[in-house]
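Engineer:
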Amino acid sequence: MTIQSPSLELGTALVQPIAAAAGRGYWQSVARRLRRDPVTLVCAGVLILLVASALAAPWLGLADPYKTSMIRRLYPLGSPGHLLGTDELGRDMLARLIYGGRLSLFMGVTPVVCALLIGGLLGITAGFVGGKTNMAIMRVMDVFYAFPSVLLAISLSGAMGAGTENTLLSLTLVFIPPVCRVSESVTTQVRGFDFVDAARASGAGTLTIVRVHVLGNVLGPILVYATSLISVAIILAAGLSFLGLGVKPPEPEWGLMLNTLRQAIYVNPVLAALPGVMIFITSICFNLMSDGLRSAMDVKA
Amino acid sequence: MFLYALRRLIYLVPVAFGVSLLVFALVHLAPGDPISAIVPPDAPKEVVDKLKEYYGFDKPLPVQYFRWLGVTLTGDFGTSIGTGRPVASEVASAFGNTIILAIAATTLAFTLAVILGTAAAYAKSRIVDRLVTLISLVGVSVPHFWLAIVLVIIFAVELGALPPMGMGPENSTGWRLDSAHLAHMVLPTIALSVIPLGVVTRTVRSTIKETLSMEFVTALQAKGMSDAKILRHVLKNAAPTCLAVMGLQAGNLIGGSILIETVFAWPGTGFLLNSAIFRRDLPILQGTTLVLAGFFMLLNLTVDVIQTMVDPRIKRG
Chain E
1 MTIQSPSLEL GTALVQPIAA AAGRGYWQSV ARRLRRDPVT LVCAGVLILL
51 VASALAAPWL GLADPYKTSM IRRLYPLGSP GHLLGTDELG RDMLARLIYG
101 GRLSLFMGVT PVVCALLIGG LLGITAGFVG GKTNMAIMRV MDVFYAFPSV
151 LLAISLSGAM GAGTENTLLS LTLVFIPPVC RVSESVTTQV RGFDFVDAAR
201 ASGAGTLTIV RVHVLGNVLG PILVYATSLI SVAIILAAGL SFLGLGVKPP
251 EPEWGLMLNT LRQAIYVNPV LAALPGVMIF ITSICFNLMS DGLRSAMDVK
301 A
Chain L
1 MFLYALRRLI YLVPVAFGVS LLVFALVHLA PGDPISAIVP PDAPKEVVDK
51 LKEYYGFDKP LPVQYFRWLG VTLTGDFGTS IGTGRPVASE VASAFGNTII
101 LAIAATTLAF TLAVILGTAA AYAKSRIVDR LVTLISLVGV SVPHFWLAIV
151 LVIIFAVELG ALPPMGMGPE NSTGWRLDSA HLAHMVLPTI ALSVIPLGVV
201 TRTVRSTIKE TLSMEFVTAL QAKGMSDAKI LRHVLKNAAP TCLAVMGLQA
251 GNLIGGSILI ETVFAWPGTG FLLNSAIFRR DLPILQGTTL VLAGFFMLLN
301 LTVDVIQTMV DPRIKRG
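Order-wise, the sequence lines are chains E and L.
Counted the way this note's numbering counts, the first sequence spans residues 1 to 301.
Counted the way this note's numbering counts, the second sequence spans residues 1 to 317.
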């Protein structure tokens, strides 16, 4: 659950420059390679299934995930009417696990998307403008890098108080610096290539160069990185809820469910471990997808 | 070398300044003013004002910041609102407990990671390589607080072989090197070591594989050097990258042990931070965050310096 930054300091090339003209052919070849990669396909399938079931939860004919029942508490797996048993308040586990995917997936994906937009913008600006702007942006990022990521997320959430919005905010803040660093280093590399000078010499404006050449080259490494960040974000968001700093009860969310079911480990241990299995599956799929994308895009990171 | 270390230390000053700003801001991120957390809502206004004056909250923010910074730099982190004891001593004893666990977990993780990673890089059979890749994938993907619960379920609840929580037997205070205390360490150590194990195994495997494909290895093989001696050269070349990742993981492990410490009720910094959050004990929150961030910075600096010592090719500054 730690953010792994690519080893930038050792001067490893993150990108092999992609000629802008060949751009379309490149993405087509990436898609072709992905289609031939069974592991990535299976993971994509599992993730699509998880997202689809979470979105379609109200129409799947599930039990009410909020309906408690004092006499039906902690039913074991396979009980009639409750395929995956019931939780500590007698709520149907299957329904809560599927509904729980809504918040858990949302809280994993949203901060990464926000960080991608903000951090990417900052990083590209820093890398392309260079000079003092670069200094200013990257030094501020260094401050955030001085904190272990989990500590930063927990301290921010702890200070701001529990709640879904605060969790999203603190996770976004935690993910901006690494995204910024990756896009800055790639942009700085791209800026040095001859084709950027060639484009400028043939009259391309700054915006065009950024859009075509910089973005075209930054997108690959950033996408690969962001996919693995989602897996970190899902675990971290669940961890915050597990500590009572994220989603508030009675909302179904995997991390929070793990927390409240802890009291049941002596009664029904398998049940208590179930929400973690969901987190594990989701995070493993995102990590494998990231690996698949990495090799399909030929990104070194 | 000494000059390089010194220069890095000086570079750290502006970062440390930024860190102190952020930690100071933590208190003011909190909803409501910091005093409202400790007084009942119906407290008379004079009392609240008196308390504000006592803690210095009536001054403008920049004044508050520099006063706080000045006091903090002398090692005085304030008083815990919850217990009334000095924050510095509370954090110090918790930090010691966290370090004990961290040393055990990093030793376990890094030893296993180097062995597994090297084995996978050298493996002729695909099965060994696949298995090690799987281990590192599980390491980076598993929610470690869930793994902690599963470990408790298996080894404490079902088998009854190991204690489920705490740092030692009930009547003991502090930590000692005996079997009872070691038994309490087993499960938290394993749970804490999975992430670094996964990340470092991955790095060791890919770095050694890359080094093995370099021309100097072929040259050494051609001149007839034994495999064991070549391994020494390979490890020396792979060391800087691996060290960098290990340093980062060690720091993250200490900062990230909060979830594990909460599951096992291990009285370390994470546990302290967690209880401080729920008692809204902001001085403790600030103090713990500052100490952990400071430690993380110094650790990164040390790793950087060691890295340049190991690899003379890296010329920095």
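For every residue, glycine included, the Cβ atom is placed at its ideal position computed from N, Cα and C.
#1: In three-state terms, what does DSSP make of aspartate 92 (chain E)?
#2: With a threshold of 6 Å on Cβ separation, who are the neighbours of threonine 172 (chain E) within its own chain once the five nearest residues in sequence on each side are excluded?
#3: Taking a cut of 8 Å between CB atoms, which residues from the stretch 149-169 of chain L lie near chain E?
#4: If we count the other Cβ atoms within 10 Å of its Cβ and call it buried at 16 or more, is arginine 202 (chain L) buried or exposed?
#5: In the DSSP assignment, what are the bridge partners of histidine 82 (chain E)?
#6: Chain L partners of alanine 273 (chain E), CB-CB under 8 Å?
#7: Would proline 143 (chain L) and isoleucine 235 (chain E) qualify as a contact pair, given that the criterion is a beta-carbon distance under 8 Å?
#8: So which of L:Phe66, L:Gly160, L:Thr133, L:Val150 has the shortest CA-CA distance to leucine 271 (chain E)?
#9: Under 8 Å between beta-carbons, which chain L residues line up against valine 150 (chain E)? List them in chain order, please.
#10: Just mark alanine 21 (chain E) as buried or exposed, buried being the case when its beta carbon has 16 or more other beta carbons within 10 Å.
#11: Can you check whether the C-beta of isoleucine 297 (chain L) is within less than 8 Å of a C-beta belonging to chain E?
#12: In chain L, which residues lie less than 8 Å from leucine 175 (chain E) when you measure between Cβ atoms?
#13: Return the CA-CA distance between glycine 327 (chain L) and threonine 98 (chain L), expressed in angstroms with no decimal places.
#14: I'd like to know whether the C-beta of alanine 21 (chain E) is nearer than 8 Å to at least one C-beta of chain L.
#15: Use the C-beta contact count for tyrosine 145 (chain E): other C-beta atoms within 10 angstroms, 16 or more gives buried, fewer gives exposed.
#16: If we cut at 8 Å on Cβ distances, does proline 269 (chain E) have a partner in chain L?
#17: Strictly below 7 Å CB to CB, what residues from chain E border serine 141 (chain L)?
#18: Distance, Cα to Cα, serine 185 (chain E) vs threonine 308 (chain L)?
#19: Measure from the C-beta of leucine 256 (chain E) to each C-beta in chain L and report whether the shortest distance is under 8 Å.
#20: Comparing C-alpha positions only, which one of L:Ala102, L:Ile135, L:Asp311, L:Thr133 sits nearest to leucine 192 (chain L)?
#21: So that I know if they touch, is there some Cβ in chain E lying closer than 8 Å to that of isoleucine 277 (chain L)?
#22: To the nearest angstrom, how far is the alpha carbon of glycine 18 (chain L) from that of aspartate 142 (chain E)?
#23: Whose C-alpha, out of E:Ser231, E:Ser295, E:Leu240, is nearest the C-alpha of isoleucine 281 (chain E)?
#24: Report the rounded CA-to-CA distance for glycine 192 (chain E) versus glycine 131 (chain E), giving the unit in angstroms.
#25: Compute the Euclidean distance between the alpha carbons of proline 164 (chain L) and phenylalanine 145 (chain L), then round it to the nearest angstrom.
#26: By DSSP, does threonine 74 (chain L) sit in helix, in strand, or in coil?
#27: Taking just the CA atoms, how far does proline 188 (chain L) sit from tryptophan 175 (chain L)?
#28: Relative to the alpha-carbon of alanine 303 (chain E), which residue among E:Ile284, E:Pro80, E:Pro250, E:Pro252 has its alpha-carbon at the smallest distance?
#29: How long is the line joining the alpha carbons of arginine 232 (chain L) and glycine 239 (chain E), rounded to whole angstroms?
Structural biologist: In terms of the structure at hand:
#1: As a working mapping, residue 92 (chain E) is identified with position 92 in the first sequence. Strand.
#2: Within the first sequence, numbered from 1, the residue matching residue 172 (chain E) stands at position 172. Pro111, Cys114, Ala115, listed in sequence order.
#3: Ile149, Val150, Val152, Ile153, Val157, Glu158
#4: The residue labelled residue 202 (chain L) in the question sits at position 202 within the second sequence. Buried, because 16 or more other Cβ atoms sit within 10 Å of the Cβ of arginine 202 (chain L).
#5: The count along the first sequence starts at 1 and reaches residue 82 (chain E) at position 82. Partner(s): E:Ser79.
#6: Within the first sequence, residue 273 (chain E) is the residue found at index 273, counting from 1. Ordered by position in chain L, the residues that pass the 8 Å Cβ test against alanine 273 (chain E) are Trp146, Ile149, Val150, Ile153.
#7: The sequence position of residue 143 (chain L) within the second sequence is 143, counting from 1. The sequence position of residue 235 (chain E) within the first sequence is 235, counting from 1. Yes, the Cβ-Cβ distance between proline 143 (chain L) and isoleucine 235 (chain E) is below 8 Å.
#8: The residue given as residue 271 (chain E) occupies position 271 in the first sequence. Of the listed residues, the one whose Cα sits closest to leucine 271 (chain E) is L:Val150.
#9: By 1-based counting over the first sequence, the position of residue 150 (chain E) is 150. Here the neighbours are Asn252, Gly255, Gly256, Ile258, Leu259.
#10: Reading the first sequence from its first residue, position 21 is the one you call residue 21 (chain E). Unreliable placement is indicated for alanine 21 (chain E), whose pLDDT of 46 sits below 50; the coordinate value is still reported in the next sentence. By the 10 Å Cβ count, alanine 21 (chain E) comes out exposed.
#11: Counted from its first residue, the second sequence places residue 297 (chain L) at position 297. Here residue 297 (chain L) is methionine; the residue named in the question, isoleucine, does not match the sequence. Taking Cβ atoms only, chain E reaches closer than 8 Å to methionine 297 (chain L), which makes this a yes.
#12: Mapped onto the first sequence, residue 175 (chain E) falls at position 175. Note on residue identity: the sequence assigns phenylalanine, not leucine, to residue 175 (chain E). The contacting residues do not exist; phenylalanine 175 (chain E) stays about 15 Å from chain L at best.
#13: Look at the range of chain L in this structure, 1 to 317, and you will see that residue 327 (chain L) is not part of it.
#14: Sequence index remark: in the first sequence, residue 21 (chain E) carries index 21 (1-based). For alanine 21 (chain E), the predicted model reports a pLDDT of 46, less than 50, meaning its position is unreliable and no value from the coordinates is stated.
#15: If you number the first sequence from 1, residue 145 (chain E) lands on position 145. Its Cβ being crowded by 16 or more others within 10 Å, tyrosine 145 (chain E) is buried.
#16: On the first sequence, residue 269 (chain E) is found 269 positions in, with the first residue counted as 1. Output row for proline 269 (chain E): interface = yes.
#17: Translated into the one-based positions of the second sequence, residue 141 (chain L) becomes position 141. Ser231, Phe280, Ser283, Ile284, Asn287, listed in chain order.
#18: Position 185 of the first sequence, counting from 1, holds the residue named residue 185 (chain E). Position 308 of the second sequence, counting from 1, holds the residue named residue 308 (chain L). Those two C-alpha atoms are separated by around 21 Å.
#19: In the first sequence, residue 256 (chain E) corresponds to position 256, counting from 1. No, its Cβ sits nowhere closer than 8 Å to a Cβ of chain L.
#20: Against the second sequence, residue 192 (chain L) aligns to sequence position 192. That would be L:Ala102, whose Cα lies nearest to the Cα of leucine 192 (chain L).
#21: If you number the second sequence from 1, residue 277 (chain L) lands on position 277. Chain E, which has a Cβ nearer than 8 Å to the Cβ of isoleucine 277 (chain L), makes this yes.
#22: Here the question's residue 18 (chain L) lines up with position 18 in the second sequence. Here the question's residue 142 (chain E) lines up with position 142 in the first sequence. Computed Cα separation, rounded: 9 Å.
#23: Translated into the one-based positions of the first sequence, residue 281 (chain E) becomes position 281. If we check each option's Cα against that of isoleucine 281 (chain E), E:Ser231 comes out closest.
#24: Counting from one through the first sequence, the residue named residue 192 (chain E) turns up at place 192. Counting from one through the first sequence, the residue named residue 131 (chain E) turns up at place 131. Spanning the two alpha carbons is a distance of roughly 14 Å.
#25: Position 164 of the second sequence, counted from the first residue, corresponds to residue 164 (chain L). Position 145 of the second sequence, counted from the first residue, corresponds to residue 145 (chain L). Going by the C-alpha atoms only, they are around 14 Å apart.
#26: Position 74 of the second sequence, counting from 1, holds the residue named residue 74 (chain L). Note: threonine 74 (chain L) maps to coil in three-state DSSP.
#27: Numbered from 1 along the second sequence, position 175 holds the residue referred to as residue 175 (chain L). Numbered from 1 along the second sequence, position 188 holds the residue referred to as residue 188 (chain L). Using only the alpha carbons, I get a separation of about 15 Å.
#28: As shown, chain E starts at 1 and ends at 301. That puts residue 303 (chain E) outside it, with no answer to give.
#29: Taking the first residue of the second sequence as position 1, residue 232 (chain L) is located at position 232. Taking the first residue of the first sequence as position 1, residue 239 (chain E) is located at position 239. One C-alpha to the other measures close to 41 Å.
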